[in-house]
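With our numbering applied, the sequence shown covers 241 to 450. Ideal Cβ placement from N, Cα and C applies to all residues, glycine included.
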Amino acid sequence: MNSVITISREFGSGGREIGKKLSEKLDIPFYDKELLELASKESGICRELFDRNDEAYTNSFLYSLVMGSYPVGSDGRISPEMPMNQRIFLAQFDTIKRIAQQGPCVIVGRCADYVLKGEKNVINFFVTGNTAEKKRRILERYDIEKNKVEDFIKKTDKRRASYYNYYTDMKWGEARNFDLCINTSKTGIDGAVEIMKSYIDIKEAAAKKD
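Shown next, in the form of structure tokens:
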């Protein structure tokens, strides 16, 4: 096993649960909110600020990040003169790149598929689901009124899509941007995990033949 797995997901589709189970099955590290904690510790920026800005765009920044034109100090550290929101995004993206370089892992959300674009050992999945199943799953996990669940799903997905579309040159959820898209309403959580594992095995076997 030498692949870095990214999972983009619709709210309520079970993406985090799938990522966690997949990481356990493959015996590799898992990062979702854990990524924010790492980025906070490494950058010295308060964790609360990462939570506040998590998967929510504020300005155009990824282009300068990718092109390496963001300001850094003489010691290579993030410049304190950079606006706080840009420092937060930069720290998060740098953390994604660093943990991917360390070895196989599963990363959920946060444009990880784009940040690692071009890396040969990266496999990108997108997880979707039917509205009824997503509503049921959310009601089981959140204290929210039943008549407000669907609106909650739409707003959360809109926020994730805005974040992804704004900071990348791709469209959130578009099938051609991913190795495989899975509808968990059809497969179930465990079924999705097995499909992902099978795909990883197939892709890694093919890579060995090249």
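When secondary structure is reduced to three states using DSSP, residue 438 falls in the helix class.
Rounded to whole angstroms, the gap between the alpha carbons of residue 342 and residue 402 is 30 Å. Membership of residue 405 in the alpha helix (DSSP H) is indicated by the continuous run 389–407. With a cutoff of 9 Å on beta-carbon distance, residue 260 and residue 437 are scored as not near each other.
Take the alpha-carbon of residue 278 and the one of residue 399: they are about 23 Å apart.
DSSP places residue 378 inside the alpha helix (DSSP H), whose first and last residues are 371–381. Contact check for residue 365 and residue 247: beta-carbon distance about 5 Å, within the 8 Å limit, so the pair qualifies. Going by DSSP, residue 248 is part of the beta strand (DSSP E) stretching over 244–249. Residue 415 and residue 422 have their C-alpha atoms some 10 Å from each other. For the 9 Å CB-CB criterion, residue 434 and residue 241 do not form a contact. The region 367–375 and the region 383–396 touch, with three or more beta-carbon pairs separated by less than 8 Å.
For residue 420, the enclosing beta strand (DSSP E) has its first and last residue at 420–423. When only Cα atoms are considered, residue 336 and residue 290 end up about 14 Å apart.
With a 10 Å radius around the Cβ and a threshold of 16 neighbouring Cβ atoms, residue 339 comes out buried. In this model, residue 410 and residue 385 are separated by some 34 Å (Cα to Cα). The beta-carbon distance between residue 429 and residue 258, rounded to whole angstroms, is 6 Å. This is short enough to meet the 8 Å contact definition.
DSSP, read as helix, strand or coil, puts residue 417 in helix.
Per the DSSP secondary-structure output, residue 363 pairs in a beta bridge with 245. Residue 347 and residue 244 have their C-alpha atoms some 8 Å from each other. In terms of Cβ geometry, residue 354 and residue 407 form a close pair [threshold 9 Å].
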